[in-house]
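A.B. asks:
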Amino acid sequence: MSATPRTSRSPRLSTTGPRRGAAAAVAYLVLAVVAIAFLLPFGWLLLASVSDQASLKADVPHQLTLRNFADVLTGDNLHALANSLVLSLGAAVLTLVLAAPAAYPLSRYSRRFGRPILLGLLFATGLPITAILVPVYGLFVQLELLDSIPATTLFLTATGLPMAIWMMKNFMDEVPIALEEAAWVDGASGFRALLRIVLPLMLPGTTVVFTFTFALTWGNFFVPFILLVDPAKQPASVAIYQYFGLHGTASYGLLAAFSILYSLPVVVLYTLVQRVLGNAFALSGGVKG
Numbered sequence: 001m002s003a004t005p006r007t008s009r010s011p012r013l014s015t016t017g018p019r020r021g022a023a024a025a026v027a028y029l030v031l032a033v034v035a036i037a038f039l040l041p042f043g044w045l046l047l048a049s050v051s052d053q054a055s056l057k058a059d060v061p062h063q064l065t066l067r068n069f070a071d072v073l074t075g076d077n078l079h080a081l082a083n084s085l086v087l088s089l090g091a092a093v094l095t096l097v098l099a100a101p102a103a104y105p106l107s108r109y110s111r112r113f114g115r116p117i118l119l120g121l122l123f124a125t126g127l128p129i130t131a132i133l134v135p136v137y138g139l140f141v142q143l144e145l146l147d148s149i150p151a152t153t154l155f156l157t158a159t160g161l162p163m164a165i166w167m168m169k170n171f172m173d174e175v176p177i178a179l180e181e182a183a184w185v186d187g188a189s190g191f192r193a194l195l196r197i198v199l200p201l202m203l204p205g206t207t208v209v210f211t212f213t214f215a216l217t218w219g220n221f222f223v224p225f226i227l228l229v230d231p232a233k234q235p236a237s238v239a240i241y242q243y244f245g246l247h248g249t250a251s252y253g254l255l256a257a258f259s260i261l262y263s264l265p266v267v268v269l270y271t272l273v274q275r276v277l278g279n280a281f282a283l284s285g286g287v288k289g
């Protein structure tokens with residue numbers, strides 16, 4: 001009997017070799033540098049907010065004080081924070097209401113114009129607001145919508161819709177269409193299936209869109225600065241400008257204290273949505289074959 005030749009087997013590559021360890025060390029080093037670069041400004045912010053002689057230097061104050069927070073907690077600043085909440089919540093809610101039905105046909109139906117529409121939305125997300133704000137300002141003047149919080153909210157909603165539709169479409173793609181077909185068999189309409197089936201299952205996705213739109217509107221300075229003339233209607237993103245003086249001078253202690261108060265709503269929102277996002281898309285077992 002002739003012996004069968006042995007086939008040579010290639011040696012397995014070690015996943016914990018020295019090259020992989022060196023690459024991981026370099027990656028952790030880069031992440032540490034990036035973390036330090038982000039944490040240093042926050043450290044200055046905290047130190048300056050409790051210092052009575054704050055400057056650009058990140059010095060530990062000899063005596064801690066809360067006077068800066070007491071000075072910025074004025075009626076005008078609280079009113080500006082309330083204006084920011086109105087603008088941000090209004091834009092976020094309107095964006096969800098409009099983006100969901102707009103993204104549904106792009107996700108569920110194949111049309112010849114679907115891809116051009118998605119590419120157009122992607123292109124619209126890259127347009128800077130400053131490029132279109134001059135004609136928008138002229139339009140607001142002609143329609144007598146200048147210095148109107150509802151009109152400004154609508155414009156902020158329009159600027160965030162392209163990205164919101166794109167994101168909602170991608171999240172809807174993760175929901176099995178078989179669940180909607182089962183609802184259609186039971187007599188549910190397409191709109192009812194969207195409200196009762198699709199949106200509840202993509203709750204993490206809608207939370208992402210809401211948080212993204214809220215944070216984008218909360219930090220918007222240029223749009224309310226141009227479209228809202230009355231200081232009583234301007235949000236906190238514009239009111240913070242009052243702590244910058246002429247020729248580069250600034251009240252660093254008050255600026256740091258107001259910046260911390262200004263950041264709290266977004267931080268609280270991110271903290272609250274972590275529970276929702278932690279569940280991700282738990283759709284396994286939703287469809288039985």
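For what it's worth, UniProt numbering labels the leading residue of the sequence shown as 1, then goes sequentially. Cβ atoms here follow ideal geometry from the backbone N, Cα and C, with glycine treated the same way.
#1: Is it true that the CB of Thr-159 sits closer than 8 Å to the CB of Ile-129?
#2: For Gln-274, name the three-state secondary structure that DSSP assigns.
#3: Using 8 Å as the limit for Cβ to Cβ distance, is Leu-66 near chain C?
#4: Alpha carbon to alpha carbon, what distance is there between Arg-196 and Asp-71?
#5: Using three-state DSSP, classify Phe-244 as helix, strand or coil.
#6: Helix, strand or coil, according to DSSP, for Ala-32 in the structure here?
#7: Identify which residue in Ala-35, Ala-92, Leu-154 has its Cα closest to the Cα of Leu-227.
#8: So within the stretch 105-176, which uninterrupted alpha helix (DSSP H) runs reach at least 4 residues, ignoring any that extend past its ends?
#9: Give me, in chain order, the residues of the same chain whose beta-carbon lies closer than 6 Å to that of Ala-151; leave out the 5 immediate sequence neighbours on both sides.
#10: Consult DSSP for Ala-54 and reduce its assignment to one of helix, strand or coil.
#11: How would you call Ala-99, buried or exposed, if buried means at least 16 neighbouring beta carbons within 10 angstroms?
C.D. replies: Concretely, from the data shown:
#1: yes
#2: DSSP places Gln-274 in helix when its eight states are reduced to three.
#3: Within the model displayed, chain C is absent; a lone protein chain is all it includes.
#4: 49 Å
#5: strand
#6: DSSP places Ala-32 in helix when its eight states are reduced to three.
#7: Among Ala-35, Ala-92, Leu-154, the Cα nearest to that of Leu-227 belongs to Leu-154.
#8: 114-125, 129-142, 149-172
#9: Leu-145
#10: Ala-54 falls in the coil class under three-state DSSP.
#11: buried
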